[in-house]
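Asker:
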Amino acid sequence: MVKLALRFISLIFLALMIYLIMPRDQLSDQSIRLFAIFVFTIGSIITKFCSMGQSSIIALTLCVLTKTLTFKEAFSGLQHSIVWLIVIAFFIAKGFVKTGLGLRLAYYIMYKFAHISLGRPIWSIFAN
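Residue numbers (my numbering): 114 to 241.
Structure follows, in structure tokens:
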């Protein structure tokens, strides 16, 4: 618990230092805030403060609460069908791993190909 709190405090400190130290004459205030939130998000993923999904939700919330981005700008990426296709592919892959369905399918296909004389070499090519 202490390590988790220390990670969180160090990430907040890093984001605040970025926000306070960055030169204001070269970048706008909005871009500095967005960069600080980005560094906080990447840092939370690297230090395993929270999962990637939680980190992205926290980052979106921070962007909207600090008025760095409007609600429409922050969630505009979720309108694309490709994003949802990737998310669903990750969900299905996680389901295959958790239930062992992929392993069971592999065993079933091996069983079906085992009766053919070239079945095992063909299956070993596909498996590799």
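Every residue, glycine too, gets a C-beta built ideally from N, C-alpha and C.
#1: Beta carbon of Leu129, beta carbon of Ser157: below 8 angstroms?
#2: Would you list, in sequence order, the uninterrupted beta strand (DSSP E) runs of no fewer than 3 residues that lie entirely inside the stretch 122-208?
#3: Return the CA-CA distance between Met165 and Gln192, expressed in angstroms with no decimal places.
#4: Beta-carbon separation of Phe169 and Thr154 under 8 angstroms?
#5: Looking only at its chain, what residues have a beta carbon closer than 8 angstroms to the beta carbon of Leu127, apart from the 5 residues adjacent to it on each side?
#6: Look at the alpha carbon of Thr160 and the alpha carbon of Leu147, and state the distance between them as a whole number of angstroms.
#7: If you run the structure through DSSP and keep just helix, strand and coil, what is Ile229?
#8: Looking at Thr181 and Gln143, is the spacing between their C-beta atoms short of 8 angstroms?
#9: Measuring CB to CB, does Ile235 end up less than 8 angstroms from Phe226?
#10: Which of helix, strand or coil does DSSP assign to Gly215?
Answerer: Considering the structure as presented:
#1: no
#2: none
#3: 20 angstroms
#4: It is worth fixing the name first, because residue 169 is Ser in this sequence and not Phe. Yes, the pair counts as a contact, with Cβ atoms nearer than the cut-off.
#5: Val152, Phe153 and Gly156
#6: 20 angstroms
#7: Three-state result, Ile229: coil.
#8: yes
#9: yes
#10: helix
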